[in-house]
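A.B. asks: Protein chains in written order, with this note's numbering: chain A, 1 to 459; chain B, 1001 to 1318. All C-beta atoms in this analysis are idealised placements derived from N, C-alpha and C, irrespective of residue type, glycine included.
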Amino acid sequence: MESRILQLIAALRASGVRVSLAESAEAFSAVDLMGIQDREQFRLSLRATLIKDVKDLPVFDKLFPLFFGAGQPPPMMGGNPMDDMTPEEAQMLTEALRQFTESLRQRMQRLMNGEQLSREELEALGQMVGLNQVDDLRYQNWMAQRMMRALAFPEVREALKELMEQLRQMGMSRDRIEQMREMIQQNMDGMREQIERFAGERIAENLSDKPRGESMDNLLNRPFHALSEEEKKILQREVKRLAAMLRTRIALRQKHAKSGQLDPKATIRANLKYHGVPMEIRHKDRVRKPKIVVICDISTSMRFCSELMLSFLFALQGQVRKTHAFAFIDHLEYISEDFNGSNADEAIASVLWRMPSGHYNTDLGWSLQNFQDGYMDTLNGGTTLIIVGDGRNNYYDPRLDIFSAMTRRAARTIWLNPEPPHLWHGDSDMSKYAPLCTNVLKVSNLRELAEAVDTLMAG
Amino acid sequence: MTTLFDSTRTVKSELNKQKYIASDEISTIVYLAQKLGKPLLTEGPAGVGKTELAKAIAGAAGRELIRLQCYEGLDESKALYEWEYSKQLLYTQLLRDKLNDTLGKAETLAEAADKLAKEEDVFFSERFLLMRPLLKAILSDKPTVLLIDEIDRADAEFEAFLLEVLSDFQVSVPELGTLTAKHKPFVVLTSNNTRELSEALKRRCLYLFIDYPTLTEELAVVRLKVPDLNPKLAQQAVEFVQKLRKADMRKSPSISETLDWANALVALNAKNLDKETLEETISVLLKHEADLQKAKRQLINPPLPRHKPDELGRFSGN
Chain A
1 MESRILQLIA ALRASGVRVS LAESAEAFSA VDLMGIQDRE QFRLSLRATL IKDVKDLPVF
61 DKLFPLFFGA GQPPPMMGGN PMDDMTPEEA QMLTEALRQF TESLRQRMQR LMNGEQLSRE
121 ELEALGQMVG LNQVDDLRYQ NWMAQRMMRA LAFPEVREAL KELMEQLRQM GMSRDRIEQM
181 REMIQQNMDG MREQIERFAG ERIAENLSDK PRGESMDNLL NRPFHALSEE EKKILQREVK
241 RLAAMLRTRI ALRQKHAKSG QLDPKATIRA NLKYHGVPME IRHKDRVRKP KIVVICDIST
301 SMRFCSELML SFLFALQGQV RKTHAFAFID HLEYISEDFN GSNADEAIAS VLWRMPSGHY
361 NTDLGWSLQN FQDGYMDTLN GGTTLIIVGD GRNNYYDPRL DIFSAMTRRA ARTIWLNPEP
421 PHLWHGDSDM SKYAPLCTNV LKVSNLRELA EAVDTLMAG
Chain B
1001 MTTLFDSTRT VKSELNKQKY IASDEISTIV YLAQKLGKPL LTEGPAGVGK TELAKAIAGA
1061 AGRELIRLQC YEGLDESKAL YEWEYSKQLL YTQLLRDKLN DTLGKAETLA EAADKLAKEE
1121 DVFFSERFLL MRPLLKAILS DKPTVLLIDE IDRADAEFEA FLLEVLSDFQ VSVPELGTLT
1181 AKHKPFVVLT SNNTRELSEA LKRRCLYLFI DYPTLTEELA VVRLKVPDLN PKLAQQAVEF
1241 VQKLRKADMR KSPSISETLD WANALVALNA KNLDKETLEE TISVLLKHEA DLQKAKRQLI
1301 NPPLPRHKPD ELGRFSGN
């Protein structure tokens, strides 16, 4: 039982739920207390101690039955229709069966007997379809289907239909045939359930054996372009968490600023209870929220970085006084309006859909021209200008004149580039832009992105 | 901590006596929290009875309920304790004569200061300590239930401070020394999930997610709390509310709103849930103008079935 619980915890972790050591210890003491006789109470004790987030509840609900059975006894088999057959009927059946090949006959016989598959058979089937390499629950049904196909389920089903027809022609009573059909159907359903359950359990076990090496830390340090779809999703979640962490840190930083300009009104108000003797001094809140104008390259090479950057910025919304976001590939578009809704993910998706990327058509120079024409007034002394991009301009005019005008208007300019300086050659104009920026930060993974945002807010 | 309930079944029946209908899930987790001596963190949409749960637990256990309502900017002096300066000042003024007596006999300034220092304890005693909820729960002679309501509204900073208090139930007041809890209170925290709570806080708590109730559960609550409403009408009303929750509203009606509505129906002496009654009373359930319009369009005056069969099907409860 203990190792089973540990496996469940490992599987939870592998599915992205954060379970601390203290929490798993707590789960054990809860189980000790509640006992394991009552399955529901057992489930609730594990859930209340291991899962601390609504979003993780479905993961738990999916994994738990795979480790601790679905709650019912093993699937019900319909029983053997041959048990109460008259000798004649049995004779008929044997005759009808004779026309099928040996292997098919055995399978049909087996279904009629209502025998369950043995553990070894299931193992063998799993082996055949490569179940041991799967560690994603989404493949459970697919795997189960493959296993059933390996059992020649479809053929057997067809053959059974034929068999029934045969029996009918041989003069077996309609009721009897109907009864047989029902029992066989039940047996089949039972077997399917058995297989599905086995596949689910095995996948969950694989999940818990999954090496922990693929943990968050590694993912944080992995360059953006080397991430799989699945990992991107995990990272999206992590972005939100990081943003929450940063937000708290920034809030603390703002709170802890206990000096600055005196706030006479608040001070008098606070000291009324001391007869107006100023015992507590109040200071004006220091507003340190930057105003941000961000220009993101969302061409193919930069897309993922920009996507994360945007979701990061919008998760930080509360810490930023005003954001103007622009995206460009071959021209510039104002995308802040897309972000007025509450769901940043949808907004990002809609922007990416509206501006599909082409081939080698990134043109920063022209985009800067667009900016100058329409949006120059968004930049002023309190603004931080952020450019996210690799500065690869396809040999178009970099329009350094506009860029330097922009940097002069903004309080500071920060360029986030996934490429390190030694790669700034070829069609990269980065070395021309760089001297004009206050800061050029290399951001090629999430950790660097988080650090960049942190510096941004600290400044 | 003294045992409140000796099995999950007692939790259920005792809470029931307090007119709180607890599901198996709730009673199991409450029992577990009590046994493990862990704070209970309840999350869920607004108005599903999270606060009510704490009240019911206090009632069932016969304990005093101490409530700390969180809000942005809540700090230690509002949550823990504060010296009652004005009272101290008042006492000094009134006791001036007595003080003069004591200090008058002193020969030197130093002696007077020493004498005053001896009396210092009078002015920094629990008498002048304005106890806020947390300290009250810690110093209470009898075991209590401490409800920390809407923790997600307090700042992260306060959350960190709370962690300290919750982990060992002692506070140090510089003038008095360390005050330790005589009885460990049963702590219930509620959160409406408006912001992510810190991992550290979550780690220390048992987690209970309370969602909108099922039809049977909600009906049971209505029958229990509004016994005057006739059963048929109650059934209709709850079915209607459940339908509203399935429709995509800006703010779904909560249980408390269902109860308000049920009370309104009783007060209006409604016999049937017909169109007029609905139109008159629906504003008790829905608080947004857009929601009201939508409900009127879709549920009270539904489009004819032959025009839009799918739309009706969507709200018929399946």
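1) For the candidate residues 1135/B, 1078/B, 1154/B, whose alpha-carbon lies nearest to that of residue 1178/B?
2) For residue 261/A, tell me which candidate among 281/A, 2/A, 273/A, 387/A has the shortest Cα-Cα distance.
3) Mind checking residue 1287/B: buried by the 16 CB within 10 Å criterion, or exposed?
4) Whose CA, out of 333/A, 94/A, 46/A, lies closest to the CA of residue 167/A?
5) Within 10 Å of its beta-carbon, does residue 1290/B have 16 or more other beta-carbons around it, so buried, or fewer, so exposed?
6) Which residue wins for smallest C-alpha separation from residue 1197/B, given the options 151/A, 283/A, 53/A?
7) What are the start and end residues of the beta strand (DSSP E) that includes residue 1131/B?
8) Using only the alpha-carbon positions, how far apart do residue 1206/B and residue 1033/B sit?
9) Output yes if chain A places a C-beta closer than 8 Å to the C-beta of residue 1207/B; else output no.
10) Just by C-beta distance, which residues in the region 1030-1045 of chain B are closer than 9 Å to chain A?
11) From residue 64/A to residue 192/A, what distance separates their C-alpha atoms?
12) Which bits of chain A does residue 1085/B rub up against, with CB to CB less than 7 Å?
13) Thinking just about the alpha-carbon of each residue, which of 1159/B, 1139/B, 1281/B, 1140/B is nearest to the one in residue 1148/B?
14) With a 10 Å radius around its C-beta and 16 neighbouring C-beta atoms as the bar for buried, classify residue 363/A as buried or exposed.
15) Step through the CB atoms of chain B and report whether any lies within less than 8 Å of the CB of residue 41/A.
16) Can you tell me whether residue 178/A is buried or exposed? The criterion is at least 16 other CB atoms within 10 Å of its CB, across all chains shown.
17) Looking only at its chain, what residues have a beta carbon closer than 8 Å to the beta carbon of residue 1249/B, apart from the 5 residues adjacent to it on each side?
18) Starting from residue 1/A, find everything on chain B with Cβ-Cβ shorter than 9 Å and list it in chain order.
19) State the beta-bridge partners of residue 1335/B as determined by DSSP.
20) Does the structure place the region 291-306 of chain A close enough to the region 321-328 of chain A that three or more beta carbon pairs sit under 8 Å?
21) Going by Cα to Cα distance, which pick from 1122/B, 1214/B, 1145/B, 1067/B is closest to residue 1246/B?
22) For residue 126/A, is the classification buried or exposed, using 16 other Cβ atoms within 10 angstroms of its Cβ as the cut-off for buried?
23) To the nearest angstrom, how far is it from the Cα of residue 386/A to the Cα of residue 1022/B?
24) Any beta carbon of chain B sitting closer than 8 Å to that of residue 455/A?
25) Below 6 Å CB to CB, which residues in the same chain sit around residue 1194/B once its five sequence neighbours on both sides are set aside?
26) Could you give the C-beta distance for residue 1244/B and residue 1252/B, rounded to a whole number, given that I count them as a contact under 8 Å?
27) Could you compute how far the alpha carbon of residue 445/A sits from the alpha carbon of residue 419/A?
28) To the nearest angstrom, report how far apart residue 1298/B and residue 1284/B are at their CA atoms.
29) Under the three-state reduction of DSSP, which class applies to residue 275/A: helix, strand or coil?
30) Reducing DSSP to helix, strand and coil, say where residue 1318/B ends up.
31) Between the Cα of residue 1138/B and the Cα atoms of 1027/B, 1012/B, 1031/B, 1065/B, which residue gives the shortest distance?
32) Does residue 310/A have its Cβ less than 8 Å from a Cβ in chain B?
33) In the region 1221-1304 of chain B, which residue ranges form an unbroken alpha helix (DSSP H) of at least 4 residues, counting only runs that do not cross its ends?
34) For chain B, check one thing: does any of its Cβ atoms lie closer than 8 Å to the Cβ of residue 22/A?
35) Among all the DSSP beta bridges, which residues are the ones paired with residue 304/A?
36) Tell me whether residue 390/A is buried or exposed, calling it buried when 16 or more other Cβ atoms sit within 10 Å of its Cβ.
C.D. replies: Result, derived from the coordinates:
1) 1135/B
2) 281/A
3) exposed
4) 94/A
5) With fewer than 16 other CB atoms across the displayed protein chains lying within 10 angstroms of its CB, residue 1290/B is exposed.
6) 53/A
7) 1129-1131
8) Near 7 Å, if we compare the C-alpha coordinates of residue 1033/B and residue 1206/B.
9) yes
10) 1031, 1032, 1033, 1035, 1036, 1038, 1040, 1041, 1043, 1044
11) Distance between the alpha carbons of residue 64/A and residue 192/A: 20 Å.
12) 273, 274
13) 1159/B
14) buried
15) yes
16) exposed
17) Cβ within range, chain order: 1286, 1288, 1291, 1294, 1295.
18) Near residue 1/A there are no residues of chain B at all, since even the closest Cβ is about 18 Å away, more than 9 Å.
19) No information on residue 1335/B is available, as it lies outside the stretch 1001 to 1318 that chain B covers here.
20) yes
21) Nearest of 1122/B, 1214/B, 1145/B, 1067/B to residue 1246/B, Cα basis: 1214/B.
22) buried
23) 53 Å
24) Interface with chain B (8 Å Cβ-Cβ cutoff): residue 455/A is excluded.
25) 1152
26) 7 Å
27) 11 Å
28) Per the coordinates, the alpha-carbon of residue 1298/B lies some 18 Å from the alpha-carbon of residue 1284/B.
29) coil
30) Low per-residue confidence applies at residue 1318/B: pLDDT is 38, beneath 50, and the placement is therefore not dependable enough to give any value.
31) 1065/B
32) no
33) The alpha helix (DSSP H) runs of length 4 or more contained entirely in the region 1221-1304 of chain B are, from start to end of the chain, 1231-1246, 1255-1267, 1275-1281, 1289-1295.
34) yes
35) Residue 304/A pairs with nothing; no bridge assigned.
36) Under this definition residue 390/A is a buried residue.
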